[in-house]
Amino acid sequence: MIFHFGLFLGFQLIGEILARTLSLNLPGPVIGMILLAVLLLLQPRIGHAIEKTATGFLSHLSLLFVPAGVGVVQYLDQISDIGLPLAAALVGSTVLSIAAGALTFKYVNRLRGVPDETPE
Amino acid sequence: MNEILNIWSYLSEGPLLWLTVTLFAYLIGLGCFNLSGNKPVVNPVLISMILLSALLKLTGTSYATYFEGAQFVHFMLGPATVALAVPLWQNWQRVKAAAVPMLAALVVGGTVSMASAVAIGYACGLRGELLLSLVPKAATSPVAIGVSEAIGGLPTLTVALVLITGVIGAVVTTPLLNALRIRDYRGRGFATGVAAHGIGTARAFQVHGTAGAFAGIGMVLNAILTALVAPLFVHLFF
Numbered sequence: 000m001i002f003h004f005g006l007f008l009g010f011q012l013i014g015e016i017l018a019r020t021l022s023l024n025l026p027g028p029v030i031g032m033i034l035l036a037v038l039l040l041l042q043p044r045i046g047h048a049i050e051k052t053a054t055g056f057l058s059h060l061s062l063l064f065v066p067a068g069v070g071v072v073q074y075l076d077q078i079s080d081i082g083l084p085l086a087a088a089l090v091g092s093t094v095l096s097i098a099a100g101a102l103t104f105k106y107v108n109r110l111r112g113v114p115d116e117t118p119e
Numbered sequence: 000m001n002e003i004l005n006i007w008s009y010l011s012e013g014p015l016l017w018l019t020v021t022l023f024a025y026l027i028g029l030g031c032f033n034l035s036g037n038k039p040v041v042n043p044v045l046i047s048m049i050l051l052s053a054l055l056k057l058t059g060t061s062y063a064t065y066f067e068g069a070q071f072v073h074f075m076l077g078p079a080t081v082a083l084a085v086p087l088w089q090n091w092q093r094v095k096a097a098a099v100p101m102l103a104a105l106v107v108g109g110t111v112s113m114a115s116a117v118a119i120g121y122a123c124g125l126r127g128e129l130l131l132s133l134v135p136k137a138a139t140s141p142v143a144i145g146v147s148e149a150i151g152g153l154p155t156l157t158v159a160l161v162l163i164t165g166v167i168g169a170v171v172t173t174p175l176l177n178a179l180r181i182r183d184y185r186g187r188g189f190a191t192g193v194a195a196h197g198i199g200t201a202r203a204f205q206v207h208g209t210a211g212a213f214a215g216i217g218m219v220l221n222a223i224l225t226a227l228v229a230p231l232f233v234h235l236f237f
């Protein structure tokens, strides 16, 4: 367990260092994630060792957004006079983006003659 | 009474109180979600956000004091992002097989997100830096902050827009995709990750492991796309 978290933190650290030294436009954790994925593809043994911890950790991903979310609620007062146009833009664009992305995925697959993966 | 005030002033200064309260607020949110029969509108993040905000207001606690405790939870976002490597690895064969539809969905979903946010904002009377702050709103917040700064938006506003986008995505994705009769968890998850980053990904993991894995990839790819394309987009349209 400690090793597993050490691995996640270690890759985040490597990611942060690379992001700064190479002045990449990506956050350290994203770089760390890509590097860890490469390691797991090369060394599946490590993947099998950490997959339980990772799955448990990720099943509570929602929790980790709560502190920042509370910050947003505090900030809402300051943007209340432009709240309506912002809300319209956010709701509209999010709905359109999800629909457009999922439909594209479906129809590109269909064009390639690949069947849908339907849930059991 | 004095005794209680003393205990309160002691606890309210340290991180223990608000860290504990954050965990329990989330458990209440999760409990409501389960009680509702996992209805997407009863989003655990949304419920805990509202509960905690009300509690801060009632107790006259500043966000800075709250964050002293909550920062430990917030900090875990970094290692959690790294941990997304595991579902990516587990699903690697399927990811490779779906590379073409994923890239197509990324380009379409990411572009539609930026363009429609700006178009609707403009139509509703938003101009200038407010409009620019909307451009990176589908990307994960560290990327969105950097992009917002670079293109002349307001980074603080962008953070709020990013989080609200995530909650909207988490709430609408299941009914929306059901209405469109899209059943493939790969496409469902991926589009949700592209449009609604980590909060959408968290929602996707609640629904299905495959959806979660593909949402995580969608989030990462749209972070890259936004960092590359948003400045070009702004250059073209502003």
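Top line first, the protein sequences correspond to chains A and X.
In terms of numbering that gives the first Met the number 0, the first sequence has 55 at position 56, counting the first letter as 1, and numbering is strictly consecutive.
In terms of numbering that gives the first Met the number 0, the second sequence has 171 at position 172, counting the first letter as 1, and numbering is strictly consecutive.
We put the CB at the ideal spot given by N, CA and C, even for glycine.
Item, Value
"Rounded Cβ spacing between Gly244(X) and Gly197(X) (contact assumed at less than 8 Å)", "Limits of chain X in this structure are 0 at one end and 237 at the other, which puts residue 244(X) out of reach."
"Cβ contact (3+ pairs, closer than 8 Å) linking the segment 104-118 of chain A and the segment 180-187 of chain X", "yes"
"CB of Thr21(X) within 8 Å of CB of Gly109(X), strictly", "no"
"Cβ of Ser22(A) within 8 Å of any chain X Cβ", "no"
"C-beta contact flag for Ala98(A) and Leu179(X) at 8 Å", "yes"
"Neighbour flag for Ser112(X) against chain A, beta carbons, 8 Å", "yes"
"Cβ-based contacts, 9 Å cut-off: residues of the segment 91-104 of chain A near chain X", "Gly91, Ser92, Thr93, Val94, Leu95, Ser96, Ile97, Ala98, Ala99, Gly100, Ala101, Leu102, Thr103, Phe104"
"Closer than 8 Å at the beta carbon, the chain A residues around Leu4(X)", "Correct list: empty, because the minimum Cβ distance to chain A is about 25 Å."
"Environment of Trp17(X) [buried if 16+ CB atoms lie within 10 Å]", "buried"
"C-beta neighbour in chain X for Ala48(A), strict 8 Å", "no"
"For Leu208(X), three-class secondary structure by DSSP", "The sequence given here has Gly at residue 208(X), not Leu. Here Gly208(X) sits in helix by DSSP."
"Candidates Phe4(A), Ser79(A), Val107(A), Val29(A), of which the one nearest Leu160(X) by Cα", "Ser79(A)"
"Selected residue, minimal CA-CA separation from Val106(X), among Phe236(X), Phe237(X), Phe232(X)", "Phe232(X)"
"Cβ-based neighbour list, Leu34(A), same chain, cut-off 7 Å, excluding 5 preceding and 5 following", "Phe10, Ile13, Gly14"
"8 Å CB neighbourhood of Leu87(X) in its chain, flanking five on each side removed", "Val94, Ala212, Gly215, Ile216"
"Any chain A beta carbon closer than 8 Å to Leu126(X)", "Contrary to the premise, residue 126(X) reads as Arg rather than Leu in this sequence. So no, Arg126(X) is outside the interface."
"Straight-line Cα distance separating Pro43(X) from Gln205(X)", "11 Å"
"Contacting residues, own chain, Cβ-Cβ under 7 Å from His3(A) (five flanking each side not counted)", "Ile49, Thr52"
"Distance between beta carbons of Leu89(A) and Lys136(X), contact taken as under 8 Å", "7 Å"
"Cβ shell of Gly46(A) (< 7 Å), same chain only, five flanking positions each side left out", "Leu39"
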